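These notes concern the structure reproduced below.
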Amino acid sequence: QVQLVESGGGLVQAGGSLRLSCAASGIIFSISVMAWYRQAPGRRRELVATINRAGSTNYADSVKGRFTISRDNTKNTVYLQMSSLKPDDTAVYFCTVEAPYSYWGQGTQVTVSS
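Those letters in the sequence shown? Residues 1371 to 1484, by the numbering used here.
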């Protein structure tokens, strides 16, 4: 059974930081492409960042220079370090497995107050 368990969301003031974690089980994590998406009310779902098995990363333009995705294959965990947070970053953040499987976590709420 595949599980993706996100944690680390919460309420933070603008300019602050949060680190999201996603612990995966039931997959071969080390070969998986992992990603973070987000969705805010009334907005389209947005791909925030991806990391492949070699550690190469890609980011949405809206978060470049502020967010960092990383992975720890020994812990089967992917992280999203978010800094200089803005109210526009408020959303539910989802951890996903992009390849070679396709799975989504349940999401964690991030709220940035102005």
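C-beta atoms are modelled at their ideal positions from N, C-alpha and C, and glycine is treated no differently. Since the model is a prediction, treat every value here as computed from it, not as a measurement.
Next item on the list: Leaving out five residues on either side along the sequence, give the residues of the same chain with a beta carbon under 6 angstroms from the beta carbon of V1462.
Entry: Residues of the same chain with a CB within less than 6 angstroms of the CB of V1462, apart from the 5 flanking positions on each side, are Q1409, G1477, Q1479 in chain order.
Next item on the list: Can you give me the start and stop residues for the beta strand (DSSP E) that R1441 sits inside?
Entry: 1437-1442 is the span of the beta strand (DSSP E), which, as asked, contains R1441.
Next item on the list: Determine the burial state of I1421: buried for a count of at least 16 other Cβ atoms within 10 Å of its Cβ, exposed for fewer.
Entry: Buried.
Next item on the list: Using the Cα positions of S1391 and E1376, report the straight-line distance between them to the nearest angstrom.
Entry: When only Cα atoms are considered, S1391 and E1376 end up about 5 angstroms apart.
Check: Who are N1428's beta bridge partners in DSSP?
Finding: Paired residues: T1420.
Checklist line | Supposed contact pair A1393 and T1466 - C-beta distance, whole angstroms, cut 8 angstroms | finding: Contact flag wrong, Cβ pair sits at about 14 angstroms.
Next item on the list: Give me the Cα-Cα distance between A1469 and V1403, rounded to the nearest whole angstrom.
Entry: A1469 and V1403 have their C-alpha atoms some 5 angstroms from each other.
Check: Can you give the Cα-Cα distance for P1411 and D1459, rounded to whole angstroms?
Finding: C-alpha separation (whole angstroms): 12 angstroms.
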